[in-house]
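Protein chains in written order, with full-length UniProt numbering: chain U, 1 to 94; chain F, 1 to 94; chain H, 1 to 94; chain B, 1 to 94; chain W, 1 to 94; chain X, 1 to 94; chain G, 1 to 94; chain P, 1 to 94; chain A, 1 to 94; chain C, 1 to 94. By construction, the Cβ of each residue, glycine as well, lies at the ideal position given by its N, Cα and C atoms. Accompanying notes for the structure given below.
There are 10 protein chains.
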Amino acid sequence: MLYLVRMDVTPPRDMPEEEFSRIKAREKEYALGLQRDGRWRHIWRVVGQYSNYSIFDVSGNDELHQILQDLPLYPYMTIAVTPLAAHPSALPGQ
Amino acid sequence: MLYLVRMDVTPPRDMPEEEFSRIKAREKEYALGLQRDGRWRHIWRVVGQYSNYSIFDVSGNDELHQILQDLPLYPYMTIAVTPLAAHPSALPGQ
Amino acid sequence: MLYLVRMDVTPPRDMPEEEFSRIKAREKEYALGLQRDGRWRHIWRVVGQYSNYSIFDVSGNDELHQILQDLPLYPYMTIAVTPLAAHPSALPGQ
Amino acid sequence: MLYLVRMDVTPPRDMPEEEFSRIKAREKEYALGLQRDGRWRHIWRVVGQYSNYSIFDVSGNDELHQILQDLPLYPYMTIAVTPLAAHPSALPGQ
Amino acid sequence: MLYLVRMDVTPPRDMPEEEFSRIKAREKEYALGLQRDGRWRHIWRVVGQYSNYSIFDVSGNDELHQILQDLPLYPYMTIAVTPLAAHPSALPGQ
Amino acid sequence: MLYLVRMDVTPPRDMPEEEFSRIKAREKEYALGLQRDGRWRHIWRVVGQYSNYSIFDVSGNDELHQILQDLPLYPYMTIAVTPLAAHPSALPGQ
Amino acid sequence: MLYLVRMDVTPPRDMPEEEFSRIKAREKEYALGLQRDGRWRHIWRVVGQYSNYSIFDVSGNDELHQILQDLPLYPYMTIAVTPLAAHPSALPGQ
Amino acid sequence: MLYLVRMDVTPPRDMPEEEFSRIKAREKEYALGLQRDGRWRHIWRVVGQYSNYSIFDVSGNDELHQILQDLPLYPYMTIAVTPLAAHPSALPGQ
Amino acid sequence: MLYLVRMDVTPPRDMPEEEFSRIKAREKEYALGLQRDGRWRHIWRVVGQYSNYSIFDVSGNDELHQILQDLPLYPYMTIAVTPLAAHPSALPGQ
Amino acid sequence: MLYLVRMDVTPPRDMPEEEFSRIKAREKEYALGLQRDGRWRHIWRVVGQYSNYSIFDVSGNDELHQILQDLPLYPYMTIAVTPLAAHPSALPGQ
């Protein structure tokens with residue numbers, strides 16, 4: 001089941017940069033793992049913003065919430081979720 | 001070069017349904033052609049709305065505008081374009 | 001899988017009232033059927049508005065879109081979908 | 001009398017995590033109590049957000065305000081209340 | 001139970017003025033009746049707009065919706081409802 | 001002359017609770033005084049929010065601004081003012 | 001008493017241009033009369049828009065509403081009213 | 001050349017009150033000087049808000065920006081500028 | 001004096017296409033003339049929209065309003081104007 | 001390929017002014033360099049705001065994101081990007 005997810009990151013001003021870098025490193029590991037197992041299908045940077053649009057392919061709402069809530073950057077993110085359905089004009093097998 | 005495009009369709013109330021169906025059929029043909037040649041990489045339906053989110057992979061802004069302006073449903077659409085860049089946490093070859 | 005759905009109806013000004021009443025009667029039948037089979041779990045009127053909030057319990061995004069798109073009033077509605085997950089403070093079996 | 005309530009939580013950045021955990025534990029107790037006595041009929045997590053949609057069934061506006069104001073997380077919440085009425089297409093006894 | 005209600009009227013462009021005047025006359029009769037029986041406690045014009053703010057004192061959400069839905073101008077109105085509670089700084093018997 | 005005023009309070013996070021309580025006590029005294037002399041005609045709590053809707057009956061814009069600016073909670077408030085006029089459907093003497 | 005008023009005009013598409021010109025001529029006469037008697041103190045065009053910002057100096061809310069409601073273009077306008085007070089940094093006699 | 005300017009002031013929470021008072025005193029001097037030389041034609045308080053609407057009469061965009069940027073309160077302001085043109089219904093010499 | 005202007009065109013649904021084409025031809029002539037004399041410095045299409053962003057270099061607010069109001073497509077446009085000033089980081093002679 | 005970029009700067013309240021001045025000096029150097037090599041074609045100040053509108057001419061989305069992300073003021077900016085295409089009414093060679 002597919003979802004479009006937009007994540008906007010607001011780095012905490014008062015956190016030492018080194019600590020934030022460690023969180024970002026864990027975030028990257030976490031994102032790579034989910035991409036490898038096929039659940040985080042795409043991630044793109046929004047030009048000019050500390051934001052991404054991503055496509056998730058998961059079993060449903062509960063799994064998606066669990067994945068998002070476990071993001072190391074979750075406390076510093078605003079997240080918007082759009083559920084997606086198959087489009088009648090999509091190429092079969094696209 | 002990648003772009004996220006959202007299209008919201010407002011069918012014209014005063015057009016005979018048969019005529020609108022012909023336009024939709026042409027729209028589908030057009031969309032399938034661009035998917036086959038790789039420029040319209042994804043199209044998903046937004047759940048509960050006469051809308052889609054799409055990913056385009058084109059040479060740049062001018063080609064994208066040309067493609068969108070030639071959509072048979074273009075006069076009945078509101079379109080929002082978000083330019084995308086590579087994300088540092090994306091899996092290589094994703 | 002649960003979804004909160006808000007539907008706002010804008011009756012078409014130029015449709016004979018009798019015809020619109022027929023559509024509303026079909027809408028009601030359709031809604032009752034989905035409530036009986038358990039997929040449309042709740043429907044409430046928003047006070048002062050030709051709108052409702054509903055809870056759907058379906059297999060996922062695609063089934064929900066199909067159900068919404070088949071609403072007899074669908075062409076006259078604006079629909080917003082919020083995917084829901086289990087809440088950690090919910091009473092078990094709530 | 002039914003109300004749809006949306007609560008968005010913004011955790012205070014400067015509070016020790018242990019203290020915030022104690023508040024959340026009290027919040028959960030409080031929510032479970034109101035669910036057991038039937039006034040907090042439903043609580044669902046909004047996917048991807050520190051937010052919930054809830055259904056309250058109370059005697060009226062004053063009781064609802066008292067319940068919300070006594071939430072242990074109330075100082076850290078933004079709350080939106082939508083009064084609900086019976087819907088003519090609802091299944092009797094739904 | 002008190003509610004603040006805002007009503008914005010959009011007169012239909014294509015209705016003969018005489019017919020709209022008849023609807024407005026029925027609206028006024030309806031409003032006066034509800035003011036006399038104490039349920040429509042206040043009605044004020046918003047300066048410069050075809051809008052009013054009103055205070056209703058009714059038994060609850062369902063009665064309020066019934067009253068609003070029966071407004072002769074209801075099909076031409078946008079309505080917003082805010083449930084009100086007693087304020088701790090209000091003068092007793094205000 | 002009547003005005004609808006909405007006040008939203010944002011308590012300062014860094015002020016000792018005792019100090020804020022003293023300000024709220026002064027606010028209440030101030031509000032009661034203005035209600036007694038008839039200029040603050042109504043004050044209602046917005047359900048679920050640290051906000052009120054109030055009706056003021058004053059000589060004009062300048063007096064209203066002076067009253068609002070002197071509110072002990074003024075530095076912690078967002079205020080919106082709507083000027084009101086007599087409504088042609090209001091009951092005489094309402 | 002001073003008010004800032006913004007008026008946005010949306011000309012009716014289906015009215016013969018000659019008829020709309022007659023309404024605009026009456027509007028101009030009306031505006032000039034109120035400027036001559038000092039109640040419509042200023043009127044400025046918003047650059048690029050069929051809109052104006054105006055300053056009214058009237059006895060209060062009711063008189064302002066009466067003046068605005070009698071504007072010949074009133075049915076084709078969206079109006080926003082901001083009540084103004086004396087500013088402590090204004091030059092005396094400004 | 002005329003401009004409508006709206007200024008909203010957000011006093012800094014962490015600045016000693018005495019220091020902010022000094023800035024406000026300089027702001028007032030600055031504003032009076034520009035009113036005396038005719039460039040700051042009007043300044044009005046928005047009722048209930050730490051905001052003003054002002055009319056500036058300057059040689060153009062660059063001069064206006066210089067004036068606004070030099071406001072002692074500039075770092076604590078949100079400013080919105082609307083360029084104004086002569087209105088065809090304005091009284092000559094208004 | 002420079003201004004950024006955004007124009008969004010909404011073609012009238014009920015106008016014969018041939019008539020609208022004639023208006024667009026006149027618009028193009030008008031735009032080319034103003035570009036040749038240096039007052040309409042730039043015009044760019046917004047990708048995916050019937051909109052443009054333009055830079056005008058004119059003597060001031062009144063000349064800009066006159067130019068915009070005389071656009072053949074003016075009745076079918078929504079226009080937003082942003083006054084621009086020299087930027088301290090701009091290359092001299094840019 | 002052209003883009004319209006709007007940058008809004010929010011200076012950090014808690015940074016020593018001298019340090020912020022150093023960042024602004026580096027920002028200016030960076031901006032001048034990109035203007036000299038032709039990629040940052042225009043930069044204009046928005047009147048009354050710590051903001052600019054700029055035109056970039058770069059090879060595409062990825063290069064633009066790199067340039068923006070490397071701005072010394074990037075952590076203190078909100079950035080909005082609008083992709084631009086050639087306009088059919090533009091003067092050739094404009």
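Item: Using the three-state DSSP reduction, which class does residue 21/G fall into: helix, strand or coil?; Value: helix
Item: Locate the alpha helix (DSSP H) running through residue 62/W, then write down its first and last residues.; Value: 61 to 69
Item: Check for me: the beta strand (DSSP E) holding residue 39/G runs from which residue to which?; Value: It is not in any beta strand (DSSP E) - residue 39/G carries neither H nor E in the DSSP assignment.
Item: In the region 34 to 49 of chain P, which residues sit with their C-beta less than 7 Å from some C-beta in chain A, listed in chain order?; Value: none
Item: My assumption, with CB atoms under 8 Å, is that residue 45/A sits in contact with residue 56/A. Please give the rounded CB distance.; Value: Their Cβ separation, rounded to whole angstroms, is 17 Å, which puts residue 45/A and residue 56/A out of contact at 8 Å.
Item: Counting only C-beta atoms, is residue 87/W closer than 7 Å to chain H at any point?; Value: no
Item: Comparing the C-beta of residue 61/F with each C-beta of chain A, is any distance below 7 Å?; Value: yes
Item: Compare the C-beta of residue 83/A against all C-beta atoms of chain P and say whether one is closer than 7 Å.; Value: yes
Item: Taking only the alpha-carbon atoms, compute the straight-line gap between residue 31/C and residue 43/C and give it to the nearest angstrom.; Value: 9 Å
Item: Give me the residue from 23/W, 13/W, 18/W, 2/W with the minimum Cα distance to residue 74/W.; Value: 23/W
Item: Using the Cα positions of residue 87/B and residue 81/U, report the straight-line distance between them to the nearest angstrom.; Value: 28 Å
Item: Kindly indicate which three-state DSSP category residue 101/H falls into: helix, strand or coil?; Value: Missing from the structure shown is residue 101/H; chain H here goes from 1 to 94 and no further.
Item: Taking Cβ positions, are residue 61/W and residue 83/B nearer each other than 7 Å?; Value: yes
Item: So residue 53/X packs on residue 9/X, CB below 8 Å; how close in whole Å?; Value: The Cβ separation is near 13 Å, so there is no contact.
Item: Using the Cα positions of residue 79/F and residue 17/F, report the straight-line distance between them to the nearest angstrom.; Value: 23 Å
Item: Would a check of beta-carbon distances place residue 90/G closer than 7 Å to chain P?; Value: yes
Item: Any beta carbon from chain H within less than 7 Å of residue 76/B's own beta carbon?; Value: no
Item: Report the partner residues of residue 80/F according to the DSSP bridge assignment.; Value: 6/F
Item: Can you tell which of 47/G, 58/G, 77/G, 70/G has the C-alpha that lies nearest to the C-alpha of residue 66/A?; Value: 47/G
Item: I need the straight-line Cα distance from residue 7/W to residue 5/H, nearest angstrom please.; Value: 25 Å
Item: Using a C-beta to C-beta distance shorter than 8 Å, which residues of chain C count as neighbours of residue 2/P?; Value: Within 8 Å Cβ-Cβ: nothing; residue 2/P doesn't reach chain C, min ~13 Å.
Item: Confirm, please, whether the CB-CB distance from residue 2/F to residue 35/U is below 7 Å.; Value: no
Item: For residue 31/F, list the residues DSSP reports as bridge partners.; Value: Residue 31/F is not bridged to any residue.
Item: Less than 8 Å between C-beta atoms, sequence neighbours within five positions excluded: which residues of the same chain meet that for residue 26/P?; Value: 72
Item: In chain B, which residues lie less than 8 Å from residue 13/X when you measure between Cβ atoms?; Value: 12, 14
Item: With DSSP as the reference, please indicate the residues paired to residue 14/P in a beta bridge.; Value: Answer by DSSP bridge pairing: none, since residue 14/P is not bridged.
Item: Just the chain B side, please: which residues come within less than 9 Å of residue 27/H by C-beta, in chain order?; Value: 89
Item: Among residues of its own chain, excluding the 5 on either side of residue 77/C, which ones have a beta-carbon nearer than 8 Å to its beta-carbon?; Value: 7, 8, 9, 10, 71
Item: Can you give me the start and stop residues for the beta strand (DSSP E) that residue 50/C sits inside?; Value: Per DSSP, residue 50/C belongs to no beta strand (DSSP E) and is neither H nor E.
Item: Name, please, each residue of chain C whose Cβ falls closer than 9 Å to the Cβ of residue 79/P.; Value: 47, 48, 49
Item: Using the Cβ count rule (16 or more neighbours within 10 Å means buried), how would you classify residue 59/W?; Value: exposed
Item: Below 8 Å on the Cβ atoms is my guess for residue 28/P versus residue 21/G; work out the distance and round it to an integer in Å.; Value: Rounded, the Cβ-Cβ distance is 48 Å, inconsistent with contact.
Item: Between the alpha carbons of residue 33/P and residue 63/A, how many angstroms are there, rounded?; Value: 29 Å
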